[in-house]
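Protein chains in written order, with this note's numbering: chain A, 42 to 384; chain B, 268 to 902.
The beta carbon of each residue, even a glycine, is placed where N, CA and C say it ideally should be.
So the structure is just underneath, and the comments pick up after that.
What follows is the structure, encoded as structure tokens:
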């Protein structure tokens, strides 16, 4: 195999990789290449244009290297021979002139035009605000003007410009839902803002993008975009306090919750539990996943999580509880029953 | 062409030089040496050791990431390993290998000097580097390695969120290392400005040395912000200050600014020596001079300079004002131009020369290909919205591994093959050399290329595991397989060079028909480098046959042989006109003792024994004073 074929092989591999990326294997719910909003789509388009330009530069430069290999026994430039001035001119053309032109184009497109759509939205241009508070290692979402507080699973109305205000309760995190927009860091002592917008209903996965300690890998979130009417129903439900325990077992479970460490870290609106360390559990039964999208919210997983959270997510701040069998079953039943009254 | 030893007179002079420059043999010789070549070798073997450690860390991480939800490493172990991998490769491998090993060994040879300007400071630099490396690694061996990333962002690295001693190992270890790096940089600057061979005016300085000059200036100016950041951090952690503590009016972004004011010039500090090596290997193997020499020289210096104006492009997601971000994006695009100039100067030189694709040049071609990929993805980060989308994802990991491994490490690997005959006097095995190139090249591509894709598919950096339903598994598997192939390639290089050391055929002085002065002396070079100080009239001194014949005649006449003492010549900074003859210091125990005393100081700071630490600091000063009372030994 000669050098040229080898280089050709690399090019093929590159194309193959790219195709694989586009076709995608598995879900693309966190992919920058499957945008579901205008800003994310602009960024994606910027990427394909840059990839195209890069492809041209790369193939051009590599074909020069191939030329160097083919002409390895002859000196001087093809056609022009040993003309030092011309060689320098080539370096100036490819090293200065062409980059100045193309980079100016890139600068204008990205940093003058696209950036307008991805910068923090002006206050008057948005229809609602959602507050994001990052914690090690979960997300708190608040809806100003409503009592609704939830964790890790954010509900938003579709086709609505949302002013997302982000801050942190501890270290630096970064809020990132690639299909909807670029990321924004959560910086101590600072409020950052970003536009959140979804074209159509769907579940869009996001994940903390700034390293934040032991469980950075398990600090994910889901954005549920719903038609505005359905969202309004959800918001009203979420704003309501927790349902009264429905039966004796649940009542016992509530007692276990309030008399153990649970209540000092978690809030259940409508009860005495008002801890601020962990997620608000008022309607935890409505969520699809637990522990910042780490495990499914099903009874078996929930039980395992309550008994031995350090096994599921080592290093997280929830202690394991030493409960009697009946207490544990009652607690499990109570927590699982924390759902919307209507639903 | 070697300098012929034609006359009994010349032989007598060489005999005298041998005697004057001889150092003790055995272990004592290595512990007390001030010979830049032996110090270079000490650096080389130490960096090789750390390279092995950093490589094993990488392989462990890749093994953990081989598939979703793997359980090879605990989250804490993974976080310590990725932190140590970054700290090791950047601080303990690439910079000391390029400056400490390659620069130390080659710069004095290329400029026709007999040693670095400050030989004992050079030795202190090495011993402090080795001691600080061990210091940082002690943390790993007692299970308390730093775990907040090589970038060590606060408040995650503050006492409140990270009471582990690991962060103190990091901060004090890097301060300790910074002492060494600063010394090395100052030494290069003075050496390159003042110890060049007569006739080697600045416009005849080999481009390799331009790269090291630029790197050294960048280091001198980049380290103070890092040191400031580290001192603030330790004051916060050990003494209850609040530089980074928002609750007391501090600012966590202060750390990021200070760190990246250092950290981005650092990227160019890492890559410039590689550029220098490329501009040494390309002319030799293309059998022609570099195209556009003055453009390349200016570009090397400009890269180092503009590198100081781009730091905030690491911070586009922290919520900077748009105008600030746009300024730094523009600067980040401007710095593309000096890099593009060098790239096309290399390519044009290859096209117009008659290149021999031997192992060293293959590594340089691999470097060029990888540098183009890493450079192009780097340009994309100057498009602010795209940066904000892909920063902190595997796309960035892909980018900087193409730059740091592909573009900075490949020339170092090529350089190992290129200068192996000079350093050892033996040739390596070409066939195995080429095989090792293909293994490392394919391994690197397989490891680092899929990271672009998996980053675009949404995989963040620094995660110890990932779920199986996001389509990331196949790419991660490829990366892990690639990392094993890459590891095999690196082992093959090591085996090839080790076997060649004992069995390789004799290389002679100049096996490549090289372009710079180091090829004119014997392989390996004698302690005094050159029996006669060469006189130079172009940047490609070794191709000026008449000059080298004139050197031989001057040896016969005893002109510029300086065989009366332990001496080298100093020339004027710009035009390299003979200025004076310098008496050079010889071997000494003091450098090692300084490093030992300073180790005590940092170890006691770490364990918060401040009074005892003060004692060791005093001891360090006493050793330095004692060293300066010692008169240089007469011949």
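If you check the CB distance, residue 583 of chain B and residue 654 of chain B come in under 8 Å. Chain-ordered, the chain B residues with CB closer than 7 Å to the CB of residue 257 of chain A read 729 and 730. Residue 540 of chain B sits in a helix when the DSSP states are folded into three classes. Per DSSP, residue 832 of chain B is not a residue of any beta strand (DSSP E), being assigned neither H nor E.
Residue environment analysis places residue 312 of chain B among the exposed positions, since fewer than 16 neighbouring C-beta atoms fall within 10 angstroms of its C-beta. Collapsing the DSSP output to three states places residue 169 of chain A in a strand. Secondary-structure assignment with DSSP links residue 727 of chain B through a beta bridge to B/660. For the pair residue 421 of chain B and residue 208 of chain A, the Cα-to-Cα distance works out to about 15 Å.
The C-alpha of residue 271 of chain A lies about 15 Å from the C-alpha of residue 189 of chain A.
Non-local beta-carbon contacts of residue 516 of chain B in its own chain, meaning distances under 8 Å to residues more than five positions away in sequence, involve 509 in chain order.
Closest in C-alpha terms to residue 831 of chain B, from the list B/323, B/798, B/843 and B/806, comes B/798.
Distances from the alpha-carbon of residue 780 of chain B to those of B/810, B/752, B/854 and B/801 put B/810 closest.
Residue environment analysis places residue 138 of chain A among the exposed positions, since fewer than 16 neighbouring C-beta atoms fall within 10 angstroms of its C-beta. In terms of CA proximity to residue 640 of chain B, B/673 leads the group B/358, B/673 and B/562. In this structure, residue 800 of chain B places its C-beta atom within 8 Å of the C-beta atom of residue 836 of chain B. Taking the CA atoms as reference points, residue 500 of chain B sits about 49 Å from residue 693 of chain B. For a cut-off of 8 Å, the C-beta gap from residue 857 of chain B to residue 387 of chain B is around 7 Å, short enough to register as a contact. For residue 112 of chain A, the three-state secondary structure derived from DSSP is coil.
Short of 7 Å from the beta carbon of residue 466 of chain B, and not among the five residues preceding or following it, lie these beta carbons of its own chain, in chain order: 802, 803, 804 and 843. Interface annotation for the region 242–256 of chain A against chain B: 246, 248, 249, 250, 251, 252, 253, 254, 255 and 256, criterion Cβ-Cβ distance under 8 Å. The residues 558 and 559, in chain order, have a CB closer than 8 Å to that of residue 615 of chain B in the same chain once the five nearest residues on each side in sequence are set aside.
DSSP assignment within the region 318–386 of chain B yields no whole beta strand (DSSP E) run of 3 residues or more. With a threshold of 8 Å between beta carbons, residue 657 of chain B makes contact with chain A.
Only those residues of the region 102–113 of chain A whose C-beta falls short of 8 Å from the nearest C-beta of chain B are listed: 102, 103, 105, 106, 108, 109, 110, 112 and 113. At a cut-off of 8 Å between beta-carbon atoms, residue 548 of chain B makes no contact with chain A. Each residue's CA atom was taken as its position, placing residue 888 of chain B and residue 433 of chain B some 28 Å apart.
For residue 483 of chain B, the uninterrupted alpha helix (DSSP H) run begins and ends at 474–506, by DSSP.
For residue 194 of chain A, the three-state secondary structure derived from DSSP is strand.
Distance between residue 87 of chain A and residue 151 of chain A, taken at the CA atoms: about 7 Å. Residue environment analysis places residue 181 of chain A among the buried positions, since at least 16 neighbouring C-beta atoms fall within 10 angstroms of its C-beta.
Relative to the Cα of residue 679 of chain B, the nearest Cα in the group B/314, B/287, B/286 and B/297 belongs to B/314.
Between residue 617 of chain B and residue 553 of chain B, the C-beta spacing is below 8 Å. Judged by DSSP secondary structure, residue 855 of chain B falls outside any alpha helix (DSSP H); it is assigned neither H nor E.
Secondary structure in the region 232–288 of chain A: the alpha helix (DSSP H) runs of 4 residues or longer, each lying completely within the stretch, are 269–280 in chain order. Identification of residues in the region 564–587 of chain B having a C-beta nearer than 7 Å to some C-beta of chain A yields 584, 585 and 586, given in sequence order. Under the three-state reduction of DSSP, residue 209 of chain A is assigned to strand.
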